[in-house]
């Protein structure tokens, strides 16, 4: 009879160890996983009251992680010094009588009573003290047979490793989150710095205040509508902000001249995309193609642009976007040599230059996004807020409908 | 995925709880909470009918140790009925059945409790 029971006990223990293995490798959250493992232990040894603690070495405390069958113990913790942990046998059950003379017990006498502790198991992952389990009275005999102690040790060892791994994972997650926060901060600082640069570029030319910012916004609107990835959109935004950085070394007199520019002066002005490129290409941006976009923002699809006279498919979508955004802003703002065009006239001008200065596909997307903004279909408008408000939305909408219908025909 | 539920009936101050499914995760705690609520309300006779219990593992066994503990604390009477042999053996081994009355079927338990003060 006894042999039959021993066999049943053995089978139950093995299947419980399987339960434990499944729980510790499950994808459950930390707290739920640890609570379930505590239930496995208490189920194996029929213990109605138990608690699991995690060691906080900074505060010399065993902090309550989870428990079962106990009342009014939330927030309970056990004071423990490093020297106390050295008196324990690793992952072995200690009866409360065995530790009663230990100053660890004296410090936590009341807590042990509240926890109904009969057995204390210190948890060690290798040599590191990581936590402890307190077990109350069992429903069967109070003491543990040697064979049960052996099983408890195996279980405690597994729980210690799980606790250790989970706490490492928690620390790692916290670190990742902290680093993410730092990265976001740095990103904001980076953006602010670039924006300050853009303001410095635009400040040189009285007529182009906020030009870079608007170009960046228009480019974002088009790239977003084209379905670009968030990171790529961010890249073209930065390219928009910095595309005219080369103007920093162009003579201010030339840039603000009201009269027609001489060939020499025009040649001087035309150097700015190359200079911008020379500056930008030295910076290791986290976004791809910024320098490339900047270099070619004065190229045209008919190959009559500068500095490299690229044409058609030689131009990337990013270049075509930036070229359109730059020219559109130039059209809709005052310049030293001419007054700004109305939105209506600017759009007609863009249409007129399709296939020569501007790319058809990109321009069509631009018209589409502008139409959506006018209709209020876009939550965060990027173009309309920067335009004069004196246009008639119905007229512009009709114009855009006509252009897009013509383009898709 | 929790494949466990309970249904409750009551008659003459006797509560009959029928757990259903797999008693193998923390979802089984609802059984413990239900018993505690009845004890708190002064209902001290509970029958747990195991007819529809498919499987009990160590986590489930842990829940039953808590139910038994609460029964002792509230000086109540707990009866188990319709248990499969495999579950009975585990509960015997864990000492759970030392603290409850085990009956072959629910009617026997109800008859017993009817005559119990």
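Protein chains in written order, with our numbering: chain A, 1 to 409; chain B, 1001 to 1117. Glycine included, C-beta positions come from ideal geometry on N, C-alpha and C. Since the model is a prediction, treat every value here as computed from it, not as a measurement.
Residue interval of the alpha helix (DSSP H) (run including residue 1101 of chain B): Premise fails: residue 1101 of chain B lies in the beta strand (DSSP E), 1101-1103, not in any alpha helix (DSSP H).
Extent of the continuous beta strand (DSSP E) run through residue 1079 of chain B: 1077-1081
Tell me the residue span of the alpha helix (DSSP H) that contains residue 196 of chain A. 146-203
Which residue wins for smallest C-alpha separation from residue 1014 of chain B, given the options B:1088, B:1100, B:1093 and B:1078? B:1078
Starting from the beta carbon of residue 144 of chain A, find every residue of chain B whose beta carbon is closer than 7 Å, and list them in chain order. The contacting residues do not exist; residue 144 of chain A stays about 13 Å from chain B at best.
With residue 95 of chain A and residue 118 of chain A assumed to form a contact (beta carbons below 8 Å), what rounded beta-carbon distance in angstroms separates them? 7 Å
For residue 1001 of chain B and residue 110 of chain A, what's the separation of their Cα atoms in angstroms? Note that residue 1001 of chain B has pLDDT 47, beneath the 50 cutoff, so the model's placement of it is unreliable and the number below is only indicative. Taking the straight line from one Cα to the other gives about 39 Å.
Under 7 Å between C-beta atoms of residue 66 of chain A and residue 113 of chain A: no
Of all the CB atoms in chain A, is at least one closer than 7 Å to the CB of residue 1001 of chain B? In this prediction, residue 1001 of chain B has a pLDDT of 47, which is less than 50 and means its spatial position is unreliable; nothing more can be read from the coordinates.
Within the same chain, show all residues whose beta-carbon is closer than 7 Å to that of residue 344 of chain A, passing over the 5 residues directly before and after it, in chain order. 391, 395, 396 and 399
Taking any Cβ of chain B, which residues in the stretch 356-381 of chain A have a Cβ under 8 Å from it, in chain order? none
Chain-ordered chain A contacts of residue 1033 of chain B [CB-CB under 9 Å]: In chain order: nothing, as chain A lies at least about 12 Å away.
Sort A:405, A:335 and A:182 by Cα distance to residue 254 of chain A and report the nearest one. A:335
Look at residue 168 of chain A and residue 46 of chain A and say whether their C-beta atoms are less than 7 Å apart. no
Give me the subset of the stretch 39-69 of chain A whose CB atoms are less than 9 Å from a CB atom of chain B, sorted by chain position. 39, 40, 41, 42, 43, 44, 45, 46, 47, 48, 49, 50, 68 and 69
Counted within 10 angstroms of its Cβ, other Cβ atoms place residue 186 of chain A as buried (16 or more) or exposed: exposed
Tell me residue 1016 of chain B's beta-bridge partners as DSSP assigns them. B:1009 and B:1047
Taking residue 1098 of chain B as the query, report the chain A residues whose CB atoms sit under 9 Å from its CB, ordered along the chain. 139 and 140
Which word fits residue 158 of chain A, buried or exposed, when buried means at least 16 other C-beta atoms lie within 10 angstroms of its C-beta? buried
Taking CB distances under 7 Å as the criterion, tell me whether residue 177 of chain A reaches chain B. no
Is the number of C-beta pairs between the stretch 187-203 of chain A and the stretch 235-250 of chain A that are closer than 8 Å three or more? yes
Are the C-beta of residue 16 of chain A and some C-beta of chain B separated by less than 7 Å? yes
Cut-off 6 Å between Cβ atoms - residues of its own chain near residue 354 of chain A, not counting five sequence neighbours on either side: 360 and 363
Do residue 222 of chain A and residue 378 of chain A have their CB atoms nearer than 7 Å? no
Is the separation between the beta-carbon of residue 55 of chain A and that of residue 64 of chain A shorter than 7 Å? no
Going by beta carbon distance, what residues of the same chain come within less than 8 Å of residue 53 of chain A, once the five residues before and after it are set aside? 62, 63, 64, 65, 77, 78, 131, 132, 133 and 134
Can you give me the start and stop residues for the beta strand (DSSP E) that residue 486 of chain A sits inside? This structure cannot settle anything about residue 486 of chain A, because the visible part of chain A is limited to 1 through 409.
Can you pull out the residues from the stretch 19-30 of chain A whose beta carbon lies closer than 7 Å to at least one beta carbon of chain B? 19
Below 8 Å on the Cβ atoms is my guess for residue 369 of chain A versus residue 383 of chain A; work out the distance and round it to an integer in Å. 7 Å
Report the start-end ranges of each beta strand (DSSP E) in the stretch 85-156 of chain A that is 3 residues or longer and not cut off at the edges. 119-125 and 128-135
Return the chain-ordered list of same chain residues with a C-beta closer than 7 Å to the C-beta of residue 280 of chain A, the five sequence neighbours on each side being excluded. 242, 245, 290, 291 and 294
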